[in-house]
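Residue numbers (this note's numbering), protein chains in the order written: chain A, 1 to 287; chain B, 288 to 557; chain C, 558 to 894; chain D, 895 to 1155; chain E, 1156 to 1416. By construction, the Cβ of each residue, glycine as well, lies at the ideal position given by its N, Cα and C atoms. So the structure is just underneath, and the comments pick up after that.
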Amino acid sequence: MVGVSGTELQEVRTEGIKAVPREMRISKRSRRKRRRFTAVGLPVIAGLCFLALWEFEVFHRLFQLRTYQLPLPSDIAKAIRDHVDLLLSYTGYTLTEAVLGMLLGSSIGFVVALLAAAWPKWGSASVLIVASLNAVPIVALAPIMNLWFSDGMGSRIAIVTVTTMAAMAINAHKGMNAVDPLAMDLMHSYAAKKLEVFRYLRVAGSLPYVFTALKINATSSMIGAIVGEFFYSSRGLGYLLSNSIKVAKMPLGWSCIVLAAVAGVIFYFIIERLEKWCIRWHSSQRT
Amino acid sequence: MKESGVFLRERLLPIVVWVLGILLVWEGASWYLLEVRQIPLAQSKLPYIHEIAATFTTYGGTLAKEGWVTFMNAAYGFLLGAAAGSLLAILMSLSKWVEQLAFPYAVASQMVPVLGLAPIVYGIVRDEETARILISAYITFFPVSLNMLRGLRSVSPASLELMHSYAAGGRTIYWKLRFPASLPGLFSGLKIAAPLAVTGAILVELMGASRGIGVIMLRNLYYGPSHVYMFWSTVVVGAFLGIFCYVLISAVERIAAPWQPEFRNKGGDG
Amino acid sequence: ACGGNNGSSNDSGSQPSANGGGDGAAGASETVEVKLQLKWVPQAQFAGYFVAQEKGYYAEEGLEVEILPGGPDIVPEQQVASGAAHIGVDWVASLLAHQEQGLPLTQIAQIYQESGLVLVSKKESGITSGADLKGRKVGNWMGGNEFEVLALFDKYGLDSTKDLEFVKQGFTMDQFLAGELDAASAMTYNEFQVVLSEGIAESDLNVIDMNAEGVAMLEDNLFANSDWLSGNKETAAKFLRASLKGWKDAIADPEQAVDIVMKSVEEGSTSRDHQLKMMTEVAKLVAPEGFDLNNLGWTDEAMFKQTADIALQFNVIQNEPELSTAFTNEIVEMARD
Amino acid sequence: MENTMATILPEIDIDRVTMKYRTDASEVLALQEVTMNIRQGEFVSLLGPSGCGKTTLLRIIADLIQPTSGSVQVAGGTAREARLAQKYGIVFQNPVLYDWRKVRENVTLPLEMMGVKKSERRHRAMELLSLVGLEHAASRYPWQLSGGMQQRVAIARALAMEPEILLMDEPFSALDEFSRERLNEELLAIWSQVKNTVVFVTHSIPEAIFLSDRVFVLSPHPGRLSAVVDISMPRPRTKEMRQSETFFRLIAQIRGSFEGV
Amino acid sequence: MENTMATILPEIDIDRVTMKYRTDASEVLALQEVTMNIRQGEFVSLLGPSGCGKTTLLRIIADLIQPTSGSVQVAGGTAREARLAQKYGIVFQNPVLYDWRKVRENVTLPLEMMGVKKSERRHRAMELLSLVGLEHAASRYPWQLSGGMQQRVAIARALAMEPEILLMDEPFSALDEFSRERLNEELLAIWSQVKNTVVFVTHSIPEAIFLSDRVFVLSPHPGRLSAVVDISMPRPRTKEMRQSETFFRLIAQIRGSFEGV
Ligand SMILES: Nc1ncnc2c1ncn2[C@@H]1O[C@H](COP(=O)(O)OP(=O)(O)OP(=O)(O)O)[C@@H](O)[C@H]1O
Ligand SMILES: Nc1ncnc2c1ncn2[C@@H]1O[C@H](COP(=O)(O)OP(=O)(O)OP(=O)(O)O)[C@@H](O)[C@H]1O
Ligand SMILES: Cc1ncc(C[n+]2csc(CCO)c2C)c(N)n1
Ligand SMILES: [Mg+2]
Ligand SMILES: [Mg+2]
């Protein structure tokens, strides 16, 4: 009981107010260092432990897996070393598709949310329609987009666009509608036009939701691009991955996954930094 | 009496207009591509709506049956995924420590496509049904988790202080404050996840199932343009399942979290 | 009626563990469960198994066979190795690649005697021989299906990375139909028929046949999990016996075979017509002219070696396979008795 | 003569306004048949027990909600037209500051919306912030202020745009007596310069008397106009008047017309 | 005046408490070396201009924030221990009601946390709601209430748990004079029964005098204790005392120790 409340108390201190507690005042710098350690060092150490357990086949024994189902890190590392140029260029290719598609999809989703919030009666259905597109799987999207945009990068960008629209539309719509009704009244009292209500209130108010959507999209765009490449692409991580796994080159396949994961995590954390910077004012950020 | 009239006018009318509008534009564009531009594979690119409708009359039974199978698969995956996602969000919000430890890996895990995941999951659980549910849960959990985490984290400092003044324990704070406050976020996560669960179910059906909308989808693609209307029917069924799930979640939201600003009626008689 | 239902009928007793069951236990009364993983969706390509199932040949042998559909994301070798199935169907080159990676797999029968893979092109592209492919855009599904085509390129001295554009082809023929590909890979029994059914006359098409070019590799086979096999040879033989019987029936009476296949196929996903064409074409590959149907299932060491050699040449595998473990004719022999 | 003309013109004309709120279970009759006229340039106060409908009335005047029945005319047109013409400046009962804007930017908000130049905006904002005693807090975020400071920011924001009609909902309730009295005087000073119409909600009878030309008293359940009191004290009002006999008489008079919760 | 031995025990002992807030740009010295003792069962008020640190001090006593330096002892232990022992009931400056709970459930919240039985909780909640005049609004949502009504819900919530130490931050500022005076009396009645320690922040000097045993006056920039005034009026306090000479003398005395914003 006491212990639990102790951690809660910590939260008041860090989350509630910018108090300068006595015992921490002297060590501002060391605190920052410690925070950086927990943000970077901890996952790295955990990752290394995880890798070690993996490498020494502890997981394999635990779950009765074989190396042809889950190759060892050393083999994956070797595959990466052997194909580093190819892998890097493919990572760039796939990442390009993901980022472009994600930007396009998120923008469209955001605009849909804007319209839906501005004209609720007529616009709400558009969120619904965009959401329903999310129920069309990539296996079906791939052939359609291939027909429309040929087998180049365009078709994957289109796939990623379609798969990222919904998250943004739904979240941004929620964020724009969740603004304080009194804040809306203030805008009305200024006779703010629809556009101004968005500019001054709704967009800022929805930012926490928008960034959550961007974070979801950062990951789903990567996987969308990868799976999109399974079917028609002759380049990219997804192409190499599906090919390698089908011809039993598991280590090479997994090196694609590793690179995708690294690229995806970096993409994700760039967005998270952006979020920290953009919504410093939000209560979830008052550390 | 008056209420149902308002409902018809305010909610149903726009939807009807939208649907009709989309159908008309689609049909027109399809005609344009096929008859005016005469591009190759025009019907594969954008088929006639009436042809798709025709397949619905012939194969409506099959589509409904397989759609139901997919829906049930999606429901299982969704339930498990939503539960796992919320749990992870709660764990991460409980301590920054867990978050910083788990988060990069949660993100990284999303980069493993089912193709790479399947052998592992099959290898571990050795049961197809379980493996399928696990895989579709894996696809749905992430948006739920992120949205709920945001909700859990953004309770207002003042309401948190009220809890502290009661010396509320961690669990109580969750139950009485953080959880209700995170419901709007949770629900928008669920709205993203619900159609995604349909995608997940379809994807999983391609992992060797013999029933479900995904199965017909794949087979009709494979057998060529002569099956294009049936393929598009399956796409339509998928989209409808998505709409259905979305509407379902929205309805639950209205019951479970009715206090949100968007549900408040503003003064007057409105 | 088909075994394709993915129901959860597989209780733990049917797990294909290495030492599970054993032939002794498979008495007359108890049915033994066997799961067959197809390479692709249920269709006439796999008619023999459906016929055996429908006509009760498996049941007669005391087997309860479940036929698992394949798909674009399914690797039968992985399924069999991980225990999701006991026996699988794939192409020999893919099998070799997986064997080399240490997956415990053994080929127990060769069903297709010839390659069904062709390269189709429209007459107007003027591709009459492999040499004409230079500078063209050629498609294949990749992922283990591409080696015959690579061998063809090699035969004509073409480097697939420099002399032409060798690209991934989806599981539809849309790219070819839309004119994006100069030459597309096609199976005689499916994709080629799809092209024809789009109203393109056979006379308007050029076809490069892998068999004729001498770069054919062995295709649909049957392979089993080695660990399972060592304890269940009798079961495997029973399975094979019934399957071969099914295949013979299918070839003897394609119409009936297609009727049976159609029961396993979702309504509305394919037509009987198409499956009938497929069956006719498949029959030509399973039993080419002059083939003695009594040899059905027998793996010809010379053909197997040719396949392995091509595979080796294109780095599908790094070392020459140990033929004695790669395949066995023992089960076929047992099945014949 | 011009001057008297102006006072005859009814700037805000509230005619038999009734407001019902619907809740899940029941209906709340917040206002019933309220009729009042406010002249141009007049300073009026609304007094009444908690929950009697003062805020509701203010929001109806500002066209933020529509009455169930009755009509509101503002400056010869509808309330809507007045709002769209940006005639209103409002201080809400809660400060309603935008979290993502620092204090200064919160004050410049209405100026931005009216297209005032940036340098001008900042200048004006700092002027008003120093009027309410907050120039030192200009670059803090709202949540770094005390309750009273937040309310003062909201006041500065409403004054920034020099609105023709100023609606203030208990603006000074979170302030200590001294700040309150000082701001009362500042408000009167500004008002006498700008000559705008002010509708002022307060719970302090002395404050209402000190500031207003007329005081409207509302009674609760349902909200009805129960008294209108003319404040016949000369302008400019001075501190000393607070001690005058008229003042005390008015206090007593208004108290008398009042019913508690 | 000193009625029992309870008054000897220091219930809240604030010793040279200093509080600095860090903002992006600078530091705000909200409290500087504030020392005060509050006896058990005592009713004290904090007065001071807006932004002088009253809320900050209250939050420090309640262990919601930690002072930069100095110490707080409550009932012989630390503030933390007192908080964990659920000794505090707080009325915040804003109502802080939970949106998802109806009015009644907002009031029962602290009772739920103390494990009071359901029927008992409802009963108690309705009792308190009728005390603050809100029994008719029990099943509305907070946003369906007027500002003053919300504040009254918060008061009912704090009283529901009969806390040993009651901290109230301008609880009555959103109320009209009549409701306010009525609630002042109710509060005193409850206090004289429960005998809890009350720290009461207000901007109304008469209110502080009417309610308190002692009044602490804070001065701003930085917040320091500038005066402690003993209210030597007998208890129970009556309406008539508000007109007494002592009362006016005390008002004048406190005004004198006060500096405006
Ligand atoms: N959105 C709403 N839905 C339902 N009832 C409401 C709503 N807003 C206000 N009310 C009710 O209308 C009545 C008048 O409310 P209003 O806010 O106008 O009071 P007020 O005079 O401003 O009170 P206070 O002095 O406490 O601010 C109250 O009974 C309140 O509960
Ligand atoms: N979280 C914070 N960060 C930075 N400064 C703060 C914070 N909270 C309060 N302050 C500052 O501390 C000082 C004291 O604030 P406090 O809220 O205690 O005042 P107060 O006496 O309660 O005023 P009021 O009567 O207006 O409520 C103010 O100058 C305020 O701006
Ligand atoms: C992704 C993908 N992989 C392979 C094929 C081609 N294909 C389908 S069935 C079959 C015969 C195998 O037994 C072949 C080669 C495809 N169309 N799509
Ligand atoms: Mg009000
Ligand atoms: Mg305060």
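ask   = Cβ of Trp1037/D within 7 Å of any heavy atom in ligand 2?
value = Yes, ligand 2 has a heavy atom inside 7 Å of this Cβ.
task = For Ala1407/E, I'd like the list of residues in its chain whose CB is within less than 7 Å of its CB, leaving aside the five on either flank, ordered along the chain.
result = The same chain holds no residue with a CB closer than 7 Å to that of Ala1407/E once the five nearest residues on each side in sequence are set aside.
task = Step through the CB atoms of chain A and report whether any lies within less than 8 Å of the CB of Val560/B.
result = This structure cannot speak to residue 560/B, because chain B is shown only from 288 to 557.
request  = Within the segment 56-123 of chain A, note down every full alpha helix (DSSP H) run reaching 4 residues or more, in order along the chain.
outcome  = Counting whole runs of 4 or more residues, the segment 56-123 of chain A contains the alpha helix (DSSP H) stretches 58-63, 73-82, 84-118.
query = Across which residues does DSSP place Thr663/C in a beta bridge pair?
reply = DSSP, once it has assigned bridges, lists Ala781/C as partnering Thr663/C.
Cβ contact (3+ pairs, closer than 8 Å) linking the segment 835-846 of chain C and the segment 507-514 of chain B = With a cut-off of 8 Å, the segment 507-514 of chain B and the segment 835-846 of chain C do not count as touching, because too few Cβ pairs lie within range.
inquiry  = Any residue with its Cβ nearer than 5 Å to a heavy atom of ligand 5 should be included. What is that list in chain order?
reply    = Those residues, listed in chain order, are Ser1040/D, Gly1041/D, Thr1210/E, Gln1248/E.
ask   = Taking 8 Å as the CB-CB limit, is Leu1069/D close to chain E?
value = Yes, its Cβ sits closer than 8 Å to a Cβ of chain E.
message = Can you pull the chain B neighbours of Leu1420/E, defined as C-beta to C-beta under 8 Å?
response = As displayed, chain E neither begins before 1156 nor continues past 1416, which places residue 1420/E out of reach and without an answer.
message = Measuring only the C-alpha atoms, how far is Arg1118/D from Thr950/D?
response = Distance between the alpha carbons of Arg1118/D and Thr950/D: 12 Å.
task = Mind checking which residues open and close the alpha helix (DSSP H) that includes Ala191/A?
result = Run containing Ala191/A: none; DSSP gives neither H nor E here.
query = Which residues share a DSSP beta bridge with Phe1371/E?
reply = Looking at the DSSP assignment, Phe1371/E forms a beta bridge with Leu1201/E, Val1383/E.
query = What residues from chain A crowd round Thr729/C, counting only those whose CB sits closer than 7 Å?
reply = Neighbours of Thr729/C in chain A, taken as residues at a C-beta separation under 7 Å, are given in chain order as Pro143.
task = Determine the burial state of Asn852/C: buried for a count of at least 16 other Cβ atoms within 10 Å of its Cβ, exposed for fewer.
result = Exposed, because fewer than 16 other Cβ atoms sit within 10 Å of the Cβ of Asn852/C.
Selection from Phe861/C, Glu824/C, Phe780/C that minimises the alpha carbon distance to Glu353/B = The residue among Phe861/C, Glu824/C, Phe780/C with its C-alpha nearest the C-alpha of Glu353/B is Glu824/C.
key: N-terminal and C-terminal residue of the beta strand (DSSP E) that Val1229/E is part of   = Residues 1224-1229.
Alpha-carbon spacing of Phe1104/D relative to Thr1091/D, whole angstroms = Cα to Cα, the separation comes out at about 16 Å.
query = What is the C-beta distance between Asn768/C and Gln667/C, in whole angstroms, given that I count them as a contact (C-beta under 8 Å)?
reply = Cβ atoms of Asn768/C and Gln667/C stay farther apart than 8 Å, at about 15 Å.
message = Suppose only complete runs of 4+ residues qualify. What are the alpha helix (DSSP H) ranges in the segment 324-361 of chain B, listed by chain order?
response = As summarised for the segment 324-361 of chain B, the continuous alpha helix (DSSP H) elements at least 4 residues long and confined to that stretch are 329-332, given in chain order.
Straight-line gap, Glu386/B to Gly368/B (C-alpha atoms, nearest Å) = Their Cα atoms are separated by approximately 18 Å.
ask   = With a cut-off of 8 Å, does the C-beta of Leu274/A fall near any C-beta of chain D?
value = Judged by the 8 Å Cβ criterion, Leu274/A is not in contact with chain D.
query = Taking the runs of the beta strand (DSSP E) that are 3 residues or longer, which of them lie wholly in the segment 585-642 of chain C?
reply = Qualifying beta strand (DSSP E) stretches, in chain order: 589-594, 620-625.
query = Under a CB-based cut-off of 8 Å, is Ser1347/E close to chain D?
reply = Chain D, which has no Cβ nearer than 8 Å to the Cβ of Ser1347/E, makes this no.
message = If we define contact as Cβ-Cβ less than 8 Å, is Val990/D a contact residue for chain A?
response = It does; some Cβ of chain A falls within 8 Å.
ask   = Per the contact definition of three or more C-beta pairs closer than 8 Å, is the segment 593-611 of chain C in contact with the segment 815-835 of chain C?
value = They touch, by the three-pair rule.
message = Taking 8 Å as the limit between beta carbons, can you name the residues of its chain near Glu905/D, skipping five residues before and five after?
response = Result list for Glu905/D: Ile932, Arg933, Gln934, Gly935, Glu936, Val968, Ala969, Ile1059, Thr1091, in chain order.
query = Can you tell which of Gly847/C, His831/C, Ala794/C has the C-alpha that lies nearest to the C-alpha of Ile514/C?
reply = Here chain C has residues from 558 to 894 only, and residue 514/C is not among them.
inquiry  = Please state the DSSP three-state secondary structure of Phe723/C.
reply    = When secondary structure is reduced to three states using DSSP, Phe723/C falls in the strand class.
task = Just tell me which of Arg1136/D, Ile908/D, Met1135/D, Ser1067/D has its CA closest to the CA of Gly971/D.
result = Per the Cα distances, Ile908/D.
ask   = Ordered along the chain, which non-local residues of its own chain (more than five positions away) have a Cβ less than 6 Å from that of Gln832/C?
value = The answer, listed in chain order, is Ala601, Val815, Val818.
ask   = For Gln1187/E, which residues of its own chain have a beta-carbon under 7 Å away from its beta-carbon, when the five flanking residues on both sides are left out?
value = Cβ within range, chain order: Thr1173, Pro1377, Gly1378, Arg1379.
request  = Pick out whichever of Arg974/D, Gly942/D, Ser944/D has its Cα sitting closest to the Cα of Arg953/D.
outcome  = Looking at the Cα atoms, Arg974/D is the closest of the given residues.
query = Under 8 Å between the Cβ atoms of Gly224/A and Val160/A?
reply = Yes.
message = Counting only Cβ pairs nearer than 8 Å, list the residues of chain B close to Pro1204/E.
response = The contacting residues do not exist; Pro1204/E stays about 22 Å from chain B at best.
Distance, Val210/A Cα to Lys194/A Cα = Taking the straight line joining both Cα atoms gives about 19 Å.
key: Cβ shell of His173/A (< 7 Å), same chain only, five flanking positions each side left out   = The beta carbon of His173/A sits closer than 7 Å to the beta carbons of Ala113, Ala116, Ala117, Val127 from its chain, once the five residues preceding and following it are set aside; these are given in chain order.
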